[in-house]
Every structure is written in structure tokens, then in C-alpha cells.
Amino acid sequence: MNDVDRRPALRRPAVPLAALVVLIVVAVGFFAMGGRSEPSTIASFDADSATTTAPTTTVAATTTTTTTTTTTTTTTTLATTTTATLPRQTTRPIDPPLDARAAETNPPIGHIAIPEIGLDSQLEEGIRLTTLDRGPGHWPGSALPGQIGNVVVAGHRTSHNAEFRHLDKLEPGDEVIFTTDAGTHTYLVTGTQIVTPDSLWIVYPTDAPTATLFACHPLGSTAERIVVNLALAT
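Here the sequence shown is numbered in the numbering used here, starting from -10 and rising by one per residue.
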């Protein structure tokens, strides 16, 4: 007899068909997910407590400070003076007369007294030299003593009676007293200045009861004018 290999043939274990199908399905799913095996949820899993912990959001505390500014309004009430009851100047001073030496026959309007320099004189109406030769003259059209406005008075310093010779001696606070039919009105010196002869602004009306005295300056010259400013005493 020929020797025949009677060893049984080796068989590979057969893979059940069902198991093979399951393996194929799992492999396809894995590659479809791009190879990721971790959960896609954001929440984390706590293995010890078996609870799901939501992500923690931290909000920074914001402190708002409001500053309140308090505004205090102070109202100052000034004392009321008698100027509110005074008549107001309603005319403007006349232009300087071109005929400075023409005769004027206006009657005097009262008196002017300046105790500091010893003056007590009749107050004339007019500013021509022929009027000033008789005494200090009120500029026509300027305010009358006691009115709201500018009482303008001119006078001589060296000729005739030279009533305004010592105007330069007056100081702030000195009195100038006008007496007219309307009463007696006291003005106080507020200052003295030297101006040029064409400074006509010194006769302009004012919104307060003021007065202006002026004369030639310096003594014996007509180069300038000395001006004394006054305000009605209250």
C-alpha cells in the first residue's frame, strides 16, 4: 500500500456572518467621524458623582461711581439808592460855540461851593468867555444838578476871579455843592485827569448822576485841560 498522509486537514475557524457584519458597520462609522472617538458635547463628565457639570462663566464685577455736582447760586441784592427817583437828563450838551467872546445874557441858575478851596460863587448858564468872566458856567444842554446825567461846569483859573485856580488841589472825597431852585445837591470828587483841548467826551451824558468841572491847564496856559470828576453823594 502507498503511504498516504492520513493527518486530518487543518481548518480555520469559521467567522460567523453576523459578527462580520457588525465589524464592518463599526469600521465605517469610525472613519465617517474622521477618526474621533471623544464625545462632541462641551459638558464634562464627573466620574465620581456621575453628574454633568455645566461650564462655568465668570462675570467681572463692575463698579459704577456717580459723582453729583451741586451748584450753589448766590444772589446779591444791592442797596437801593435815591438815584432811581432822580429826573434824567433829556437834552444833549450844545456844541462848543464858535463865537467864544459873543455876549451872553442868560440868567444864573444857582450857586456852586467848593469848601476845600474856599469857593462860593454864583453859577452862570453858558460857556462863552464873556459868561465865564462873571463866574463858573454850566454847559447848556448838560444835566442840571441833581439829575441823572453829567453836570458840566467850566471856569477860569488865572483871569478875572479865577474861581477854578485851585482845582488841582481837590482830592477824592472832597465836596462840591450845587444849589438851585430844585434844592441843594452834594457831589464828591472821584478823580482828576489832564486831557487835550479837543477831548469833548468829557461832556458826554452819563447813566448816573455825575458832574465834571474843567478849566485850562497848566496855570497861565491853554495847552491842556484839567478835569475833575464827581459823583452825587447818596
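For glycine and all other residues, C-beta sits at the position ideal for the given N, C-alpha and C.
The model shown is predicted, which means the values in this text are computed figures rather than measured ones.
**Item:** Straight-line Cα distance separating LEU87 from ILE166
**Value:** 30 Å
**Prompt:** Just to confirm, are LEU219 and TYR176 a CB contact at a threshold of 8 Å?
**Reply:** yes
**Message:** If I follow the unbroken beta strand (DSSP E) through PRO119, where does it start and stop?
**Reply:** Here the sequence assigns Thr to residue 119, which means Pro is not the residue at that position. No beta strand (DSSP E) contains THR119, which is instead part of the alpha helix (DSSP H) from 118 to 121.
**Request:** State the DSSP-derived secondary structure class of ASP109, mapped to helix, strand or coil.
**Result:** strand
**Request:** Just confirm the distance between the C-beta atoms of GLU152 and PRO125, as a whole number of angstroms; I'd bet it's less than 8 Å.
**Result:** 5 Å between Cβ atoms; contact.
**Request:** Output the boundary residues of the beta strand (DSSP E) element that contains ASN139.
**Result:** Boundaries of the beta strand (DSSP E) harbouring ASN139: 138 to 143, taken from the DSSP string.
**Asked** Are PRO129 and GLY107 close, meaning C-beta to C-beta below 8 Å?
**Response** no
**Three-state secondary structure assigned by DSSP to PRO28** = Bear in mind that the predicted position of PRO28 carries a pLDDT of just 33, short of 50, making it too unreliable to give a figure here.
**Asked** Hey, is GLY99 close to the ligand NAP, as in C-beta under 7 Å from one of its heavy atoms?
**Response** In terms of ligand content, the structure shown is empty, and the ligand NAP therefore cannot be addressed.
**Item:** Contact with chain B by GLY162, beta-carbon distance below 8 Å
**Value:** This model lacks chain B altogether; it includes just one protein chain.
**Prompt:** Leaving out five residues before and five after ASP170 in sequence, what residues of the same chain have Cβ atoms less than 6 Å from its Cβ?
**Reply:** none
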